[in-house]
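Quick notes on the structure that follows.
Protein chains in written order, with our numbering: chain A, 1 to 483; chain B, 484 to 933.
And the structure:
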């Protein structure tokens, strides 16, 4: 039932909006709204019940295990939320003077410094509001760098074929042509293909490392040399930073610009699809182009860095300073973890992934890159199973929902047929992983004994398999009252 | 270890299963020369008690002020239920609803949100949100250019939020789109319709129309919309969602209505929080839906014919279309939209209208009181919604600094963005202020100017 179907004409909440209609108005008649606003007319209790019930139709980290590759679904500590929502923080206006926000700005400044330290970059800007925006900003800086040198010939961005879809989409949004390069049989970028692709037209290379195939790009130093020698810059997509945090710094791998997904590695909530937050880090030569605002410290005072300080900045990419409240949550998380905790993240994420990979292999699943270590994630391919039984990776994913697990990432990366990209974050216990393996084994048996049942999954959710084709053909995007 | 549940025994068993001696072994594919060793520059970990004390100390340092700054972010009362429900773990810690059957809560909520925003803006359809108002406008500009075919030019009056204009420029300039800024009338504070309609801008893809504009002033939206359409261009409305409960929505502007409506969703139940996270909204007419960026939710049926909700029209998106997507946007601002949907359910149509009307009335009331103080004048003659530009008889920076000493953030200093307006301050009043608050402001200003 939709909230609109609970609506009764004339019902309203009396305590939460002005008790009497305002008497004064200076708005000319011709600008006044004549049509009705179709918001529901419901009580507070109706609202609370309706949305509480809706919440119960969701999977979430708080209720289920999410072995969701490339998404780093780790536990979101409660203190990060409650402390970021202290009334002084949430009531602070973004344009309030700097001297009324020194506590907030101190947190932002220290977060910048910590992110610099763990990534080995020379500067960090907290502005980007999501991974894709971090990418956009990063590629804009690459462009600004080349143009500042009068080099307008660099029109191409190189992207491995295993990359996230946002990489090529971002390059195009920045006005670049995308050149895709292939991956070799071990999951590394094909070095010869890279060498053939670079030239005076190369603006840069966008790379995720460990890659979306769940393996560390062994030739990263050589790739860095090849791209730099051709005059291009290296972009690090931080989607998989959780796998190497405290082990390897993107700065040491030769990257010139990076983004860090705080909603992955630094445990800010996914919120059902945002808000994300993706600070960008840059090497020395890109410092002048960083997006503003940035927080700086002078003596014991914090202030915003603006256009005046950075005349070559690529500018502002949000109305204020990005998702400030998300940044506060990440700051609290890094302070809770501290130095030791930073090192432990990648160790235990990697331990969990390699353990789960070993156990699933023993259970009879085919691993896509069996001769490689898992980073913090790995790929199972269902190709043989599909060929024999017709049961697909998606069918298995949906059956996992019935067993109380969120599905792994399916059909990404696009290179591996019938793939499941599995990432068990470091906050999951051995018991959870063991129970997951038991369920995966059960599904293998079900595929043998009752394949049609598996193909019809899920069976226990609030709805069964939904008709996507109908949704796209007979668009129903907005509720309308029946006449 | 914080948030890592493994016991020593677990680690030993797991390593044995893998066939590795230590966790270090698991990193043996990383070339030795790249391994960084001990991190420096990261402080030692704090306990929850310690971080609580630290954050309380910092929060107390920032304290509370009586806030009269608007300028794109507005203080409204947020009913208690909004964030209590929004921060339920099932919303807070859930993933993007790609697995529709396990995400019906979020998906249905987003469908309800789209329905509410479409009605509020008077448009046919809405997407499931953008990052913020500024980026929503930039995406609307890109969308208009994609749909227009012949022109890559966007007209934006200087009465649009100056930072929005900067963000639009930063984003669209990558695609060789020209942004032309249009003048405003220094008497009315409106986009200068007379001057604009006499000028020849050549072929252009869209005209941006703010309502209310950055000065709080109400624009001649009907005339501007019809003018854009007469030039074969799209009309993009940038609107305040609270104001839409009172004002003609973009879908009804002029003879045909605007084509795209965008804006900052923050006034709908999102706290000010130093600027974010907020959310941008975007709605449009039916014929543009396939050019719309971002996530869109559709209602459909399951195998049993039961109603359900899915992400739809995904063929526009980056994870399917890669370099040919309508935008690179992936994540949106889902949790903020959750809060906004609950907020709009709690206010209902009448509550939202009263909030809008009270904010407007309070602004009139304050301006009336301040105008009685010698030398304070309204800068523009045209009616405004819940923000008004006042010209101060003394340096606006000094006046605001004095008010701050009294615990009042008296408004947004326009000097940096509009030096031609002199000592102009943009003052915003919402329903959160009482008559006594307004009297306090007037008394403090009188003192500050004495």
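C-beta: ideal position from N, C-alpha, C; glycine also.
Checking the sheet assignment: what are the DSSP bridge partners for residue i?
i, result
"residue 713 of chain B", "Looking at the DSSP assignment, residue 713 of chain B forms no beta bridge with any residue, so it has no partner."
"residue 765 of chain B", "B/745"
"residue 730 of chain B", "A/32"
"residue 451 of chain A", "DSSP lists no partner for residue 451 of chain A."
"residue 549 of chain B", "B/891"
"residue 586 of chain B", "A/58"
"residue 694 of chain B", "B/722"
"residue 782 of chain B", "B/792"
"residue 235 of chain A", "A/206, A/257"
"residue 844 of chain B", "For residue 844 of chain B, which the question treats as bridged, DSSP gives no partner whatsoever."
"residue 243 of chain A", "BP columns for residue 243 of chain A are empty, so no partner."
When the Cα of residue i is compared with those of the options, which residue comes out closest?
i, options, result
"residue 226 of chain A", "A/386, A/255, A/211, A/145", "A/255"
"residue 697 of chain B", "B/758, B/646, B/725, B/583", "B/646"
"residue 790 of chain B", "A/44, A/167, A/462", "A/462"
"residue 523 of chain B", "A/428, A/115, A/156", "A/115"
"residue 751 of chain B", "B/758, B/742, B/757, B/762", "B/762"
"residue 272 of chain A", "B/686, B/814, B/641, B/490", "B/814"
"residue 526 of chain B", "A/335, A/404, A/372, A/448", "A/335"
"residue 810 of chain B", "B/819, B/820, B/797", "B/797"
"residue 44 of chain A", "B/923, B/909, B/828", "B/828"
"residue 91 of chain A", "B/559, B/576, B/581", "B/559"
"residue 553 of chain B", "B/592, B/861, B/908", "B/908"
"residue 905 of chain B", "B/877, B/756, B/916, B/642", "B/877"
In three-state DSSP terms, what is residue i?
i, result
"residue 924 of chain B", "helix"
"residue 594 of chain B", "helix"
"residue 792 of chain B", "strand"
"residue 910 of chain B", "strand"
"residue 302 of chain A", "strand"
"residue 918 of chain B", "helix"
"residue 395 of chain A", "helix"
"residue 159 of chain A", "strand"
"residue 489 of chain B", "coil"
"residue 356 of chain A", "helix"
"residue 861 of chain B", "strand"
"residue 870 of chain B", "strand"
"residue 68 of chain A", "strand"
"residue 316 of chain A", "strand"
"residue 520 of chain A", "Not covered by the structure: residue 520 of chain A. The range shown for chain A is 1 to 483."
"residue 421 of chain A", "strand"
"residue 878 of chain B", "coil"
Can the beta-carbon of residue i be found closer than 9 angstroms to that of residue j?
i, j, result
"residue 137 of chain A", "residue 125 of chain A", "yes"
"residue 649 of chain B", "residue 674 of chain B", "no"
"residue 953 of chain B", "residue 863 of chain B", "The structure shown does not extend to residue 953 of chain B, since chain B is modelled only from 484 to 933, so the question has no answer here."
"residue 529 of chain B", "residue 338 of chain A", "yes"
"residue 304 of chain A", "residue 98 of chain A", "yes"
"residue 325 of chain A", "residue 275 of chain A", "yes"
"residue 172 of chain A", "residue 206 of chain A", "no"
"residue 516 of chain B", "residue 221 of chain A", "yes"
"residue 691 of chain B", "residue 660 of chain B", "no"
"residue 617 of chain B", "residue 318 of chain A", "yes"
"residue 564 of chain B", "residue 48 of chain A", "yes"
"residue 350 of chain A", "residue 373 of chain A", "yes"
"residue 718 of chain B", "residue 736 of chain B", "yes"
"residue 363 of chain A", "residue 290 of chain A", "no"
Given a threshold of 16 other Cβ atoms within 10 Å of its Cβ, counted over all protein chains shown, does residue i qualify as buried or as exposed?
i, result
"residue 152 of chain A", "exposed"
"residue 14 of chain A", "exposed"
"residue 682 of chain B", "exposed"
"residue 408 of chain A", "buried"
"residue 18 of chain A", "buried"
"residue 738 of chain B", "exposed"
"residue 838 of chain B", "buried"
"residue 423 of chain A", "buried"
"residue 46 of chain A", "buried"
"residue 550 of chain B", "buried"
"residue 521 of chain B", "exposed"
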